[in-house]
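Here the sequence shown stands for residues 66 to 232, where the numbers follow our numbering.
Just so you know, even glycine gets a beta-carbon here, dropped at the ideal spot from N, CA and C.
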Amino acid sequence: ERPALCAGGDGCVYVAANTRNSAWVAVARYSANLTNPTPVIARLDSSSNRRAWNPSVAADRNTPESLQTAVAMYSHKDTAGKITPHFGWTRTAGRAWSSAVWPATNQVRTTWDARFPSVRQSYDDNLIRGIVTMHEPTASWDTLVYAFTRPSMPSVWEDRARRNEYR
66 ERPALCAGGD GCVYVAANTR NSAWVAVARY SANLTNPTPV IARLDSSSNR
116 RAWNPSVAAD RNTPESLQTA VAMYSHKDTA GKITPHFGWT RTAGRAWSSA
166 VWPATNQVRT TWDARFPSVR QSYDDNLIRG IVTMHEPTAS WDTLVYAFTR
216 PSMPSVWEDR ARRNEYR
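Structure follows, in structure tokens:
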């Protein structure tokens, strides 16, 4: 459901989607510009109440398939019932993934809900950029949280910025 698509370098194409029952975010990596019918498929994460959704995916376009970095971002319901942004990353073109809470949110307000995470890499740029709308349901406020990572260290997010903080 709600798939996201991106092109990586060396003919790799990534498709990310939550599973039909919303329990998992899965990423499939096709090679040879979609002509190879056998994708590499990985399940990234499952939430405590089986709710993970709204995936977005980006991949490095400047590395060969064997060393390629890809990053996926998605929403995830935590044990307190809040929606937190999560991300997964690979440096092996999708053969092995790690996942965690997106550290750029630095979520000091436990009432924030993450909405519509997005990640992308521009064609002529080495940075992979992520952005999430953090909704404050108790006051109808929204905050945009932005950060970027580099393909060489996809788990390290830099230059966290907030816009429209608490309004």
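The three-state reading of DSSP puts L132 in helix, counting H, G and I together. The beta carbon of R67 is closer than 8 Å to those of A82, N83, W118, N119 and P120 in its chain, skipping five residues each way along the sequence. Here P219 carries a strand assignment [DSSP, helix/strand/coil]. Between the beta-carbon of E201 and that of W177 there is about 6 Å, and that keeps the pair under the 8 Å contact cut.
Between V122 and C71, the C-beta spacing is below 7 Å. Note that the C-beta distance between W154 and P219 is below 7 Å. Boundaries of the beta strand (DSSP E) harbouring N119: A117 to A124, taken from the DSSP string.
Residue F213 holds the alpha-carbon nearest to the alpha-carbon of S183 among W206, A161, F213 and D190. Excluding its 5 nearest sequence neighbours in each direction, S163 has C-beta neighbours in its own chain below 8 Å: G153, W154, T155 and S220, listed in chain order. Only buried fits G159, as 16 or more other CB atoms lie within 10 angstroms of its CB. Short of 6 Å from the beta carbon of Q186, and not among the five residues preceding or following it, lie these beta carbons of its own chain, in chain order: A123 and I193. Per the DSSP secondary-structure output, F213 pairs in a beta bridge with R194 and E223.
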